[in-house]
Amino acid sequence: MMFDTAHELFRIDTFSMVMSALVVFMTVAVSIYSPGYCEERTTFRRAVFYGAPWLFCLFSCLGVVSGSWFMFTISVELSSLALFFIILLQDPKAARLYIFSQLLGAGFLLTGTALLGALTGATAIGPVPGDILWLFLTGLGFKAAFPVLHFWLPQVHGKAPTPASALLSGFAVKIGVFGIARLVSPDTGTVLPFLGSVMAIYGVGQALLQHDAKRLLAYHTVSQLGYIVTALGAGTSLGIAAGFFHTVAHALFKGLLFLSVGTLEKVYGTKDLDHLGGAARELPLTFSLFLVGALAISGFPGFSGYASKAMVKAALYEIPNPLWYWALQAAGVGTVISFCKVGYFAFIRERDPGLRPHREHMPGGRKDLMRNTGMALPAAATLTLGIFPGFFAGLGGLESNSLFGMKDLLPAAATFALGISLFWILRKWFGSGKHEIPDIDTLISKGSRLSAPVFSILQSMNCGLLRFYIVAVVAAGLALMFLM
Amino acid sequence: MTLVLAIMLPLLSAFLIPFFHLARKTLSAGLISIMGLASISAALAAAYTGWYSPAVSLMGGWAPDIGIALVGDRLSSAFLLLTSIGSGAALACALEKFGGGPWRFYALFFLLLGSMNGILLTGDLFNLFVFYEIFSVAAYLLVAFSMSWQALEAGLKYLVLGTIGALFILLGTAFTFMATGVLNMALLAEALASIPRETLTAISACLVLGLTIKTGAFPVHFWLPDAHSSAQTAVSALLSGVLIKVSIYALMRVCYIFFLGTNGTVFLAITVTGSLSVLGGHLMALRQDDIKRLLAYSTVAQIGYILIGIGCASAAGAAAAVFHTFNHMLMKMGLFITAGNLSEEKGTREICGLTGLWKSHPVWVAVFAVLSAAIVGIPPLNGFMSKWFIILSSAGAGTVIPALVIAAGTVISAAYYLRILSAFISPGEGSSSGLPPSVPRKPRRRSISFAIVGSFALLCLVLGVMAFSPFFRECFSSIGQTAVDVEAYVGLVTGR
Chain C
2 MMFDTAHELF RIDTFSMVMS ALVVFMTVAV SIYSPGYCEE RTTFRRAVFY GAPWLFCLFS
62 CLGVVSGSWF MFTISVELSS LALFFIILLQ DPKAARLYIF SQLLGAGFLL TGTALLGALT
122 GATAIGPVPG DILWLFLTGL GFKAAFPVLH FWLPQVHGKA PTPASALLSG FAVKIGVFGI
182 ARLVSPDTGT VLPFLGSVMA IYGVGQALLQ HDAKRLLAYH TVSQLGYIVT ALGAGTSLGI
242 AAGFFHTVAH ALFKGLLFLS VGTLEKVYGT KDLDHLGGAA RELPLTFSLF LVGALAISGF
302 PGFSGYASKA MVKAALYEIP NPLWYWALQA AGVGTVISFC KVGYFAFIRE RDPGLRPHRE
362 HMPGGRKDLM RNTGMALPAA ATLTLGIFPG FFAGLGGLES NSLFGMKDLL PAAATFALGI
422 SLFWILRKWF GSGKHEIPDI DTLISKGSRL SAPVFSILQS MNCGLLRFYI VAVVAAGLAL
482 MFLM
Chain W
10 MTLVLAIMLP LLSAFLIPFF HLARKTLSAG LISIMGLASI SAALAAAYTG WYSPAVSLMG
70 GWAPDIGIAL VGDRLSSAFL LLTSIGSGAA LACALEKFGG GPWRFYALFF LLLGSMNGIL
130 LTGDLFNLFV FYEIFSVAAY LLVAFSMSWQ ALEAGLKYLV LGTIGALFIL LGTAFTFMAT
190 GVLNMALLAE ALASIPRETL TAISACLVLG LTIKTGAFPV HFWLPDAHSS AQTAVSALLS
250 GVLIKVSIYA LMRVCYIFFL GTNGTVFLAI TVTGSLSVLG GHLMALRQDD IKRLLAYSTV
310 AQIGYILIGI GCASAAGAAA AVFHTFNHML MKMGLFITAG NLSEEKGTRE ICGLTGLWKS
370 HPVWVAVFAV LSAAIVGIPP LNGFMSKWFI ILSSAGAGTV IPALVIAAGT VISAAYYLRI
430 LSAFISPGEG SSSGLPPSVP RKPRRRSISF AIVGSFALLC LVLGVMAFSP FFRECFSSIG
490 QTAVDVEAYV GLVTGR
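Chains as they are written, first to last, in our numbering: chain C, 2 to 485; chain W, 10 to 505.
See the structure below:
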């Protein structure tokens, strides 16, 4: 009963093939980009910097093709461990937060798997009975940044080295989504759209208030994951296909956006939107690649984000509740505003006069070439998927032409018009000072003070006084006697 | 006969060592090694016998109801193998460090070895208590052996609390004898089914509490951190790796034989104690600055995992508990020996002082990293596999809370082992200020210790991967089957 052999070791279908292809593609792009970013001195650290992404790639591939929840959990845990080492190079605190959250998620998943085995006698990957669903959703929720469980995401994405951020947003969180897609059953129909809409709105709301560019992108990851989770919650085959399409599209354009912010970080030495500016003139190629990513995430027709969001909305027409649809529309407006903000403050307006670009990272050098080549790959893929979405549309049983109908183009145009005009009205406010409101991660670090009484009780229990110990032991014996 | 030899040979060695000392004034390390090898081979022979043909040996030919029976079955064989590996490793480390010098140390060591084998083989409740007393006295003295104030205090605390534990075991034994008139465990398994409910409650509370105190589980763990951290490296490793496991065996044997069919609450109590132990041990370990104390509290937590496995009251749970017992022996002995050697090199046991070791002792730090990854539960190392089996069997028993407690414990233990590792890897103040290190000392060669911890770390990986093979799982589930199969045990002893 320890391992059942009733299921196949691997489960390979279109979705796992697409996911494997995606992670290999992202790792290649990141590996090309890395020489333009890496400034590690020793051979050992460089080996970690270049080797860990491939280790991550290996274990992620194992995770998406595994046939049981047990193998899935192990592979996912090992892939997190690979990313942990690369984050450790830059920020040990963020790395620790990352690995603790992932270990906790894996613990929930393992518990769920064990109960699944006890209830049904098999742990094959797939839908689970309703009464242990919460364990799986919680476990995967740590990966896929469900509300409250997303506490690690902004901090880790913000502090990690850029190649790791791109892989985190590009693929690590998607493994959680992949697991949720495997779970989809009628039981998930009510909880997932609700969680997804909350994530979409909350993520974009927090993103608007950020001034650290990578943290802003991290909140957009939460928001875009909300789209995916809502689509999966529709529960239909169209919903699942739409979720997958947006997963792939988001991996590509969010990876691209993180890499472009990484370039700004290297050239100007900061990723703070209060100081950046004017990069469009100095880094025209980076700016155009950024533009591809920004237009895609905002859903501009012709880019992958438009097609995938159109498919998500097509899936939402099929379920009766219109609330989820409007929540995603509102999040779409927020996304437009937010990327107008990044584009304007980082690339267009005059920058802080004290900020000087580093010469070795300027265009013409080898580093800039490597970075732009690495970014060109996801940009090309984003454009290709935007113009020819036929493959993914076909998975959901749609014609690719149906995604470019008036009922999708008009809302997209309206979203853009509303978003750009709102940004123009609010741009002074965005430019003035900080507006962040504390998220769950600051609450958690404050809340850790609440654990002090627990520790003081434990500390006073181990006071070193023999007479106290004797009393405690005898009391334990009496308690045992009465309770039995 | 092999069963008797496993007890007699170490006891004989313990008896002879003082005479050799008297006759020759010096004791050669070779002689000790020969005695150790003989004792360990006897234990291994007993384990082999017990594994392939479960055996009963009646002392003096008396029938089981009046005499003492020694019983070797698969459960005792597994534990005999464990104590042989563990005490062999500890003896080798001690020989490397002390040579043949301290004869008292070795006399106590062999006394301990003999009484451990006695506990593992006896089939008589009162005989179990007697061996427990020998075992405890030797253990108290070994803890206090370095004669520093710290060690004496730890030894005294261990003595007082251990005696209270022994008192409860004795009370339980006396109640049992008064209620049934027999002391043989197999006969008791049948007799206990027909005694009044209240008497059974009193017996089970006394026996469980006494044995739990000896295992060092959380609410009654007070002696453990002091004892394990104050002793010398080899003794700490022996205490955490082996001695605790003998108490685990006694708890398993007594609870499964006596209470499996009669008093299910015992197992609930064990599960609760185990869960508390996991949380309490890990949380206390998180707050420690002394590396050996931290490892000692980590032992409290790991005992909790084993208790959760035992508390499942199923063959799968027992098998998982035995597997984790094995793994914990490997991991914790390795960690104690590594930590002990590194802190002796640096002259401090404070974690914040153990810096710069990655530069000076890279292989030791690498071994420590593997062992701590195993104990935290990183797949596919053995610690992960045994925790997974424990989670599986506790889910099979229909509860989810112990599994979630284990998940939380994993995160906390990751936190404190990462703290130690980051201290080891950080450059340290000596190299940055240009001053010579505070303890200028030629690094000692510890090749035997290193061979031991290195092979333990390798075994952690091998056992983790082996856990996927059906043959290996067969072995462990047969141990679990033996543990819970009371009828087979009774049949083996009574010959029916």
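Note that CB positions come from ideal geometry on N, CA and C, so glycine has one too.
I need the straight-line Cα distance from residue i to residue j, nearest angstrom please.
i	j	result
W/ALA200	W/CYS264	15 Å
C/ALA297	C/VAL334	13 Å
C/ALA476	W/ALA460	45 Å
C/LEU324	C/ALA331	11 Å
C/ALA295	C/LEU258	7 Å
C/VAL313	C/ALA146	19 Å
C/THR44	W/LEU430	20 Å
C/TRP327	C/ALA235	15 Å
W/PHE480	W/GLY392	19 Å
W/ASP235	W/ARG302	7 Å
W/GLU105	W/THR242	12 Å
W/HIS291	W/THR282	14 Å
W/LYS317	C/LEU59	The question names Lys, but residue 317 of chain W in the sequence shown is Ile. Approximately 35 Å between the Cα atoms of the pair.
C/TYR220	C/THR336	10 Å
C/ALA380	C/PHE137	34 Å
W/SER440	W/LEU151	Note on W/SER440: pLDDT 47, under 50, position unreliable in the model; the coordinate value appears next. Rounded to the nearest angstrom, the two C-alpha atoms are 38 Å apart.
C/GLY387	W/GLN311	54 Å
C/VAL19	C/LEU104	26 Å
W/PRO446	W/PRO436	Per-residue confidence for W/PRO446 stands at a pLDDT of 49, beneath the threshold of 50, marking its modelled position as unreliable; the derived number appears in the next sentence. Roughly 12 Å between the two C-alpha positions.
C/VAL268	C/PRO390	35 Å
Below 7 Å CB to CB, which residues in the same chain sit around residue i once its five sequence neighbours on both sides are set aside?
i	result
W/LEU220	ILE178, SER256, ALA259, LEU260 and VAL263
C/VAL472	none
W/GLY443	In this predicted model, W/GLY443 has a pLDDT of only 44, less than 50, meaning its place in the structure is not dependable; the value taken from the coordinates is given anyway. Cβ neighbours of W/GLY443 beyond the five flanking positions: none.
W/ALA23	ALA116, PHE119, LEU120 and GLY123
If the cut is a Cβ gap below 9 Å, which residues of chain W does residue i touch?
i	result
C/LEU79	ILE387, PRO388 and PRO389
C/MET93	Correcting the residue identity first, residue 93 of chain C is Pro in this sequence and not Met. Going along chain W in sequence order, the residues near C/PRO93 (Cβ under 9 Å) are LEU427 and SER431.
If the cut is a Cβ gap below 9 Å, which residues of chain C does residue i touch?
i	result
W/LEU285	Ordered by position in chain C, no residue passes the 9 Å Cβ test against W/LEU285, which lies about 10 Å from the chain.
W/SER238	Neighbours of W/SER238 on chain C: none; closest Cβ ~12 Å, over 9 Å.
W/ILE43	What W/ILE43 touches in chain C: nothing, since even the nearest Cβ is about 41 Å away.
Which chain C residues sit within Cβ distance under 7 Å of residue i?
i	result
W/PHE540	Only positions 10 to 505 of chain W appear in the structure, and residue 540 of chain W is not among them; the question remains open.
W/VAL409	THR112 and LEU116
W/GLY289	LEU459
W/THR334	None at all; the shortest Cβ gap to chain C is about 17 Å.
Can you find the residues in the same chain that come closer than 6 Å, C-beta to C-beta, to residue i, ignoring five residues on each side of it along the sequence?
i	result
C/GLU266	LYS272
W/SER37	GLY109
W/ALA64	THR58 and GLY81
C/SER186	PRO128
C/PHE456	none
Which chain W residues are close to residue i, counting only those with a beta carbon under 8 Å from its beta carbon?
i	result
C/ASN463	PHE231, PRO234 and MET293
C/TRP346	It is worth fixing the name first, because residue 346 of chain C is Phe in this sequence and not Trp. Within 8 Å Cβ-Cβ: nothing; C/PHE346 doesn't reach chain W, min ~37 Å.
C/ILE471	VAL169, LEU170 and ILE173
C/LEU481	ALA214, VAL217, LEU218 and ALA278
Report the neighbours of residue i on chain C: residues whose CB is nearer than 8 Å to its CB, in chain order.
i	result
W/VAL420	PHE101, LEU104, LEU105 and GLY108
Between residue i and the rest of its own chain, which residues show a CB-CB distance below 8 Å, the 5 nearest in sequence each way excluded?
i	result
W/PHE138	ALA175, ILE178, LEU179 and THR182
C/ILE349	GLY278, GLY279 and ALA281
Run the proximity test for residue i: is its beta-carbon closer than 8 Å to any non-hydrogen atom belonging to the ligand GTP?
i	result
W/PRO234	Ligands are entirely absent from the displayed structure, and the ligand GTP is therefore not among its contents.
TODO: Taking only runs that begin and end inside the segment 103–134 of chain W, name each unbroken alpha helix (DSSP H) of 4 or more residues, in chain order.
DONE: Segments of the alpha helix (DSSP H) lying fully in the segment 103–134 of chain W: 112–130.
Open item on the list: Can you confirm whether the segment 343–354 of chain W touches the segment 372–385 of chain W when touching is taken to mean that 3 or more C-beta pairs between the two stretches lie within less than 8 Å?
Closed with: Yes, the segment 372–385 of chain W is in contact with the segment 343–354 of chain W.
- [ ] Check whether the segment 76–95 of chain C touches the segment 56–66 of chain C, counting contact only when three or more Cβ pairs, one atom from each stretch, lie closer than 8 Å.
- [x] Pairwise C-beta distances place the segment 76–95 of chain C in contact with the segment 56–66 of chain C, as three or more of them are shorter than 8 Å.
Task: the segment 113–130 of chain W touching the segment 71–91 of chain W, judged by at least three CB pairs closer than 8 Å - done: Yes, they touch.
Open item on the list: What ranges does the alpha helix (DSSP H) occupy inside the segment 126–181 of chain W, keeping only unbroken runs of at least 4 residues that lie completely in it?
Closed with: Taken in chain order, the unbroken stretches of alpha helix (DSSP H) that lie wholly in the segment 126–181 of chain W and span 4 residues or more are 134–152.
TODO: Mind the definition here: the segment 245–252 of chain W touches the segment 376–385 of chain W only if three or more C-beta pairs lie below 8 Å; say whether that holds.
DONE: With the cut-off at 8 Å, the segment 245–252 of chain W and the segment 376–385 of chain W do not touch.
Open item on the list: When you compare the segment 364–379 of chain C with the segment 18–34 of chain C, are there three or more beta-carbon pairs, one atom per stretch, that lie closer than 8 Å?
Closed with: They touch, by the three-pair rule.
Task: Inter-stretch contact at 8 Å, needing at least 3 Cβ pairs: the segment 421–439 of chain C / the segment 209–225 of chain C - done: Yes: the two stretches touch, three or more of their Cβ pairs being nearer than 8 Å.
TODO: Go through the segment 233–267 of chain W residue by residue and report every complete run of the alpha helix (DSSP H) that reaches 4 residues or more, in order.
DONE: DSSP runs (the alpha helix (DSSP H)) wholly in the segment 233–267 of chain W: 242–247 and 253–263.
TODO: Please go through the segment 61–116 of chain C and give each complete alpha helix (DSSP H) segment of 4 or more residues, from N-terminal end onward.
DONE: Fully enclosed alpha helix (DSSP H) runs of 4 or longer: 70–91.
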